[in-house]
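Numbering (the working numbering), first residue to last: 36 to 128.
Glycine is no exception: its CB is placed at the ideal position from the N, C-alpha and C atoms.
Note that the coordinates shown come from a computational prediction; the quantities given were computed from them, not determined experimentally.
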């Protein structure tokens with residue numbers, strides 16, 4: 036049972052999916068191939084991808100706002116996914 040900010044208890048129904056409170060509990064998984072691709076990403080993106088822990092932990096460790104951590108990790112993952120796709124295209128040709 037959880038309690039919202041206004042104090043009234045809330046119960047979750049059995050059909051309701053549980054919310055994930057911390058979606059980034061672990062590091063973004065990087066493969067050996069990714070290490071080569073990381074050279075093409077800006078340094079702040081690489082730094083964000085290599086971090087472990089919660090967003091709050093990363094924010095404190097890097098001494099940047101949590102919103103910056105969120106945007107960097109999102110953009111870094113998107114850029115790395117694009118680089119992975121390009122790499123697969125090159126190898127399949």
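CA-to-CA distance, residue j to residue i, given in whole angstroms
i: residue 69; j: residue 88; result: 20 Å
i: residue 114; j: residue 124; result: 15 Å
i: residue 101; j: residue 75; result: 24 Å
i: residue 116; j: residue 82; result: 16 Å
i: residue 92; j: residue 127; result: 40 Å
i: residue 86; j: residue 98; result: 13 Å
Short Cβ contact (8 Å threshold) for residue i with residue j
i: residue 105; j: residue 84; result: no
i: residue 111; j: residue 80; result: yes
i: residue 118; j: residue 72; result: yes
Of the residues the options, the one placed nearest residue i, counting alpha carbons only
i: residue 77; options: 122, 108, 101 and 96; result: 108
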